[in-house]
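As they're listed, the protein sequences go chains A and B. Residue numbering for the first sequence follows my numbering, starting at 82 and increasing by one per position. Residue numbering for the second sequence follows my numbering, starting at -13 and increasing by one per position. Beta carbons: idealized from backbone N, C-alpha and C, even for Gly. The structure displayed is predicted, hence computed values, not measured ones. Report on the structure given below.
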Amino acid sequence: MSKIEFQRVTKRFEGGGEALKDVSVVFPEGTMTFLTGHSGAGKSTFLRLLLRTESPTRGQIFVNDVNIVKLPVRKIPAYRQNLGAVFQDHHLLAERSVYENVALPLKVAGMREQDVARRVRAALSRVGLLEKERLGTRALSTGEQQRVGIARAVVNRPKVLLADEPTGNLDPDLSRDIMTLFEQFNQVGTTVIVASHDRELIDAMGFRIVELASGGVIRDDDSTNLDK
Amino acid sequence: MAASKEPWPRSKRPIAATFRDHVSVIRDSVRFTSSRFGTSLLVWLLIGTAMALPAGLYLIERNIEVISRQWDSLNSFSVYFEVGASVGDINELVQQIRNHSDIVTVSTVTPEEALNEFSSYKEITDAMTLLESNPLPASARVTVDDQLSLERLSEVASQFEAVGVVDEIVVERAWLQRLQAIGEFISRLGWVLGILFGAGAVLITAASVRLALEMRLEEIKVLKLVGATNAFITRPFLYSGAIYGLGGALVAAMVLSAALILLEAPLGALWSSYGQMVNLQGDEPAFYSGLGLVGVILGVIGGLVASNQRLREINID
Ligand SMILES: Nc1ncnc2c1ncn2[C@@H]1O[C@H](COP(=O)(O)OP(=O)(O)OP(=O)(O)O)[C@@H](O)[C@H]1O
Ligand SMILES: [Mg+2]
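Dropping the structure here:
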């Protein structure tokens, strides 16, 4: 369904150093990969480039052989509608209910109200928040907010799922549960990339691990990607 | 690989979806406006005031135009004879006028006819019964050639001014042309003020929409992250703008109808003294629909100004 390829991608922030240095990685379609590395290694930057909330300083990023670095601005919304993203800082609407937050991608995609309700409830029950759908997101614990973000990322059955520290605030049982959810999406063909520094969890999952350090790939289970 | 390629084939967004968006956005915008009624009212009053002045000038100009058209004396002048002038003298002069090459028709009104005409105005007849004799003079309405310039018309008219039986000669066209010139000036003024105050209304809406936008900045960022188009994001703000503009137009309409009601009576009195019936223009649905439409357009422009300016600043793409 969706193949992702970073070709010699460098990202330099103004006034900062290089968050990514000449990174080349391929994620074949329908695979699930963990992106790991110390804090500040460049994991979030990596995912933001894929979301096109940032653009690389050098290099190309291909999604299904289309260079998304060159994607015209007017095509970005349609591109993002096919992505599901869990953000490290949640990005929820504080003034809206849990339900409305999760419904957002479906409303944006123009889905009918009945279908929206069905899909939202399915996603919420999957993350165990069905009984909190009417609550405002401010009233939730950090872990609950994280799960709302996860429900919102999967509700539109994205072709690519990007998750930035999705289990950062969850206990081990819930973390396992969320990973199983991602795995289920992967099993139906979704390309999944999860950034996490929970080594224990990702080792237990048994998927491919790409490790970043100071903006460079230092370890990749898939040896074809190792840039040494 | 074509330059316009996208990673995934685009799924067709049904027309019904866009329609649903609009309906729900209208619902949200109305709710948003009414939830901040105090602020909304203030904005409406501001926009209404800005719209009322040029719209009022437009109405004045239109009424002047209608009045001048009602007046059928563009190519004529009136001769008022002295009270008590003899019929023989009058007829002699009328004959003299008729013989003038520029003159087309002359119709005379005897004092008795004039009195009859006035008897339709009850108060005046009541007053006149107190008088022993008919105070009205005989008069003649003189029609000249259509092509005659105002200068020539005045010249022709003044030829008869010195004649003994003539009390006064009135060239209505001079008066009328002055009125038309005033109308023209008011029309220009209306345009200038219309552009100025229209821009003012746009800026007021833009500032108000901008405020609403600022309150929802987080939401806009999140919407962008989940793939909302700019059209989707700006839609609520355009509707808010439209609601502000429409409310402003409503205020302007109320101000103008109140002004019309206040002015109709004194203007009626003034006009009837010239023997004209006053029928003020401007209380018809077309004018008010036009006002509403202008309000909505100004409001939407204000919304566009605010959201385009702000969305460009939100650095997400
Ligand atoms: N907008 C920015 N401006 C300047 N520097 C930035 C910006 N965003 C990230 N960086 C820098 O880029 C580097 C990589 O940051 P990034 O957020 O990708 O790390 P990370 O691997 O996600 O870390 P963490 O595990 O703490 O989330 C860091 O050194 C950070 O300071
Ligand atoms: Mg990070």
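- When secondary structure is reduced to three states using DSSP, Met192(A) falls in the coil class, being assigned neither helix nor strand.
- Separation of Leu262(A) and Arg196(B) (C-alpha to C-alpha, rounded to the nearest whole angstrom) is 41 Å.
- Membership of Thr114(A) in the beta strand (DSSP E) is indicated by the continuous run 113 to 118.
- A Cβ-Cβ separation of about 6 Å places Ile89(B) in contact with Val128(B) under the 8 Å criterion.
- Your pair Gly165(A) and Asn237(A) checks out as a contact, with CB atoms roughly 7 Å apart and the cut at 8 Å.
- For Val9(B), the enclosing alpha helix (DSSP H) covers residues 1 to 21.
- Leu101(A) is a Cβ neighbour of Gly296(A), given a cutoff of 8 Å.
- Taking 8 Å as the CB threshold, Tyr180(A) stays off the interface with chain B.
- The shortest CA-to-CA distance from Asp258(A) to any of Lys240(A), Ala232(A), Thr271(A), Val241(A) is the one to Ala232(A).
- Of all residues in the stretch 126 to 151 of chain A, only Leu132, Arg133, Thr134, Val144, Asn145, Asp146, Val147, Ile149, Lys151 place a beta-carbon less than 8 Å from a beta-carbon of chain B.
- The alpha-carbon of Leu185(A) is positioned some 10 Å away from that of Val179(A).
- By the rule of a C-beta closer than 6 Å to any heavy atom of ligand 1, the residues picked out are Phe94(A), Gly97(A), Ala100(A), Gly118(A), Ser120(A), Gly121(A), Ala122(A), Gly123(A), Lys124(A), Ser125(A), Thr126(A), Gln169(A), His278(A).
- By the 16-neighbour rule on beta-carbons within 10 angstroms, Pro153(A) is exposed.
- For Arg196(B), the enclosing alpha helix (DSSP H) covers residues 158 to 201.
- Between Leu31(B) and Ala235(B), the alpha-carbon positions lie close to 9 Å from each other.
- Restricting attention to Leu173(A), Leu282(A), Ile299(A), the CA atom closest to the CA of Asn182(A) is found in Leu173(A).
- With a cutoff of 7 Å, Asp146(A) does not count as near ligand 2, since its C-beta is closer than that to no heavy atom of the ligand.
- Listed in chain order, the positions of the stretch 216 to 249 of chain B with a beta carbon within less than 7 Å of a beta carbon of chain A are Phe218.
- Between the C-alpha atoms of Val16(B) and Tyr225(B) there is a straight-line separation of about 9 Å.
- Taking the Cβ atoms as the reference, Asp245(A) lies roughly 6 Å from Phe168(A), within the contact range of under 8 Å.
- Interface criterion met: the Cβ of Pro0(B) is under 8 Å from a Cβ in chain A.
- Here Leu293(A) carries a strand assignment [DSSP, helix/strand/coil].
- One alpha carbon belongs to Lys207(B), the other to Leu175(B), and they sit about 45 Å apart.
- The Cβ of Lys92(A) sits no closer than 8 Å to any Cβ of chain B.
- Inter-residue distance for Arg207(A) and Phe273(B) is about 58 Å (C-alpha atoms, whole angstroms).
- Checking the DSSP bridge columns, you'll see Asn148(A) partnered with Phe143(A).
- At a cut-off of 8 Å, the C-beta of Glu(-8)(B) has a neighbouring C-beta in chain A.
- Flagged as an interface residue toward chain A: Asp7(B), by a C-beta distance shorter than 8 Å.
- With contacts defined by Cβ atoms closer than 8 Å, Ala71(B) and Ala238(B) do not form a contacting pair.
- In the assembly as shown, Arg129(A) is a buried residue. Its beta-carbon has 16 or more other beta-carbons within 10 Å.
- Taking C-beta atoms under 8 Å as the contact rule, Leu251(A) and Gly224(A) qualify, at a distance of about 5 Å.
- At a cut-off of 8 Å between beta carbons, Gly191(A) contacts chain B.
- For Val197(A), the secondary structure class from DSSP, reduced to helix, strand or coil, is helix.
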